[in-house]
DNA sequence: TATTGTTATACTCTATAACTATA
DNA sequence: TATAGTTATAGAGTATAACAATA
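Chains as they are written, first to last, in our numbering: chain S, 442 to 591; chain U, 442 to 591.
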């Protein structure tokens with residue numbers, strides 16, 4: 442007899458939430474140590490290269506109007522600068538300052554160290570877990586939210 | 442040659458975040474359809490039986506002072522009632538109304554339907570993923586946040 | 001003294017809508 | 001007309017500190 446799929450899925454969703462919660466809690470704690478609110482930290486972590494503000498809104502999956510405030514905070518802290526695009530004068534590119542680069546590196550270092558400790562599995566299991574979870578994550582982008590239909 | 446563990450872990454953390462993000466986005470959307478803000482929905486989902494407000498604060502991992510506002514919202518919507526504990530008159534138990542039970546069921550039904558669609562894997566993989574993720578989640582509770590040390 | 005729940009306060013996050021300046 | 005970014009506004013989530021009632 443096979444296990445009840447509903448139960449397995451419920452278990453799975455619970456574990457996924459818990460694991461992500463642990464990752465997020467650590468990210469927030471690391472951010473707090475660096476004096477950064479969560480959203481600003483998330484923005485900073487995503488700024489691998491100069492990018493228009495619009496792009497940041499897409500990354501953070503939030504309305505463009507929020508980005509203004511988040512970037513205001515990062516600019517107030519001296520971590521990014523707004524640089525107007527000479528080609529299209531509506532666009533402003535976000536450029537990290539030296540201090541911004543430094544904090545970004547610390548932020549990523551902290552997250553990664555925690556992840557390594559968290560995903561403490563034998564290599565075979567680690568690879569298996571990565572493959573399975575990636576399949577779910579990749580397939581999931583095509584699923585309509587709150588409808589359950591593809 | 443084995444793959445670089447750092448890369449695998451980074452990939453894994455990314456997938457875990459994405460999967461949890463999908464689950465959460467769906468939960469919020471389902472909550473919104475029921476006219477519930479996220480925190481109130483989360484509280485409602487956790488109220489399987491009458492519980493003291495303090496317990497809810499632990500579940501939600503937030504300060505007790507927040508719970509007052511969240512429960513105010515649920516009470517305003519007629520979904521829960523505060524019932525004083527006769528044994529310890531400091532304590533108030535949260536009891537779902539009939540409408541509260543109804544919305545709670547709908548909320549859980551929506552989440553679960555989405556999870557079933559999301560975790561659309563052959564049974565063998567499904568069980569494997571559940572086991573691996575559960576191991577990580579269970580082990581993770583013992584890890585200090587933002588320090589990476591056990 | 002310690003704990004439960006409340007209030008007051010402040011900061012942050014988020015979406016909507018109306019606006020500007022460009023394209 | 002459409003797009004990038006801003007402003008104003010309002011609702012929501014969160015933590016801190018001080019407090020009342022009770023244990």
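Even for Gly, the Cβ is constructed at its ideal location relative to N, Cα and C.
TODO: Drop a sphere of 10 angstroms on the beta-carbon of residue 452 of chain U, count the other beta-carbons inside from all chains shown, and report buried for 16 or more, exposed for fewer.
DONE: Along the second chain, one-based indexing puts residue 452 of chain U at 11. By the 10 Å Cβ count, residue 452 of chain U comes out buried.
Task: Span of the beta strand (DSSP E), counted from its first residue to its last, around residue 524 of chain S - done: Along the first chain, one-based indexing puts residue 524 of chain S at 83. Segment 521-525, the beta strand (DSSP E) holding residue 524 of chain S.
- [ ] Find the residues of chain U that neighbour residue 452 of chain S, judging by a C-beta separation of less than 8 Å, and give them in chain order.
- [x] By 1-based counting over the first chain, the position of residue 452 of chain S is 11. Neighbours of residue 452 of chain S on chain U, chain order: 571, 575.
TODO: Closer than 9 Å by beta-carbon distance: list the chain S residues that pair up with residue 486 of chain U, in chain order.
DONE: Within the second chain, numbered from 1, the residue matching residue 486 of chain U stands at position 45. Within 9 Å Cβ-Cβ: nothing; residue 486 of chain U doesn't reach chain S, min ~11 Å.
Open item on the list: Considering only the alpha carbon of each residue, which of U:565, U:506, U:573, U:549 lies closest to residue 475 of chain U?
Closed with: Translated into the one-based positions of the second chain, residue 475 of chain U becomes position 34. Checking every option, the nearest Cα to that of residue 475 of chain U belongs to U:549.
Task: Three-state class that DSSP yields for residue 500 of chain U in the structure shown - done: The count along the second chain starts at 1 and reaches residue 500 of chain U at position 59. Reduced to three states, the DSSP call for residue 500 of chain U is helix.
- [ ] Anything in chain S within Cβ reach of residue 581 of chain U, meaning under 8 Å, just list it in chain order.
- [x] Here the question's residue 581 of chain U lines up with position 140 in the second chain. Here the neighbours are 459, 460, 463, 559.
TODO: Would you kindly work out how many angstroms separate the C-alpha atoms of residue 504 of chain U and residue 530 of chain U, rounded to a whole number?
DONE: The sequence position of residue 504 of chain U within the second chain is 63, counting from 1. The sequence position of residue 530 of chain U within the second chain is 89, counting from 1. When rounded, the distance between both Cα atoms is 21 Å.
Task: Boundaries (first-last residue) of the beta strand (DSSP E) holding residue 537 of chain U - done: Reading the second chain from its first residue, position 96 is the one you call residue 537 of chain U. Its beta strand (DSSP E) spans residues 533-537.
Open item on the list: Using the three-state DSSP reduction, which class does residue 454 of chain U fall into: helix, strand or coil?
Closed with: In the second chain, residue 454 of chain U corresponds to position 13, counting from 1. If DSSP states are grouped into helix, strand and coil, residue 454 of chain U belongs with the helices.
- [ ] Leaving aside the five residues before and after residue 588 of chain U along the sequence, list all residues of the same chain whose C-beta is less than 7 Å from its C-beta, in chain order.
- [x] Your numbering for residue 588 of chain U matches position 147 in the second chain. Note that residue 588 of chain U scores a pLDDT of 46, beneath 50, so its modelled location is shaky; the value from the coordinates is reported in the next line. Nothing meets the Cβ criterion.
Open item on the list: Measuring straight from C-alpha to C-alpha, what distance separates residue 495 of chain S and residue 501 of chain S?
Closed with: Taking the first chain and counting its residues from 1, the one referred to as residue 495 of chain S is at position 54. Taking the first chain and counting its residues from 1, the one referred to as residue 501 of chain S is at position 60. Straight-line Cα distance between these residues: approximately 10 Å.
Open item on the list: Does chain S have any CB closer than 8 Å to the CB of residue 584 of chain U?
Closed with: By one-based count along the second chain, residue 584 of chain U stands at place 143. Residue 584 of chain U counts as touching chain S.
Task: DSSP bridge partner residues for residue 492 of chain S (one or two, in chain order) - done: Against the first chain, residue 492 of chain S aligns to sequence position 51. According to DSSP, which records beta bridges pairwise, residue 492 of chain S is partnered with S:535.
Task: Proximity of residue 450 of chain U and residue 488 of chain U at Cβ, strictly below 8 Å - done: Reading the second chain from its first residue, position 9 is the one you call residue 450 of chain U. Reading the second chain from its first residue, position 47 is the one you call residue 488 of chain U. Against a cut-off of 8 Å, the Cβ pair of residue 488 of chain U and residue 450 of chain U comes out as no contact.
Open item on the list: Nearest by alpha-carbon distance to residue 525 of chain U: which of U:498, U:539, U:492 is it?
Closed with: One-based indexing of the second chain puts residue 525 of chain U at position 84. With distances taken between Cα atoms, residue 525 of chain U lies closest to U:492.
TODO: Grab the span of the alpha helix (DSSP H) containing residue 528 of chain S for me, first residue to last.
DONE: Position 87 of the first chain, counted from the start, is the residue given in the question as residue 528 of chain S. Neither: residue 528 of chain S is in no alpha helix (DSSP H) and is coded neither H nor E.
Open item on the list: According to DSSP, simplified to helix, strand and coil, what is residue 549 of chain S?
Closed with: Along the first chain, one-based indexing puts residue 549 of chain S at 108. Residue 549 of chain S: helix per DSSP, three-state reduction.
Open item on the list: Give me the subset of the region 493-519 of chain U whose CB atoms are less than 7 Å from a CB atom of chain S, sorted by chain position.
Closed with: none
- [ ] Thinking residue 573 of chain S and residue 579 of chain U are a contact (beta carbons under 8 Å), I'd like their distance in whole angstroms, please.
- [x] For the purposes of this step, residue 573 of chain S is taken as residue 132 along the first chain, with counting starting at 1. For the purposes of this step, residue 579 of chain U is taken as residue 138 along the second chain, with counting starting at 1. The pair is not a contact, with the Cβ atoms about 18 Å apart (cut-off 8 Å).
Open item on the list: Please identify, using Cβ separations under 8 Å, the residues of the region 541-556 of chain U that lie next to chain S, in order along the chain.
Closed with: 551, 552, 553, 554, 555, 556
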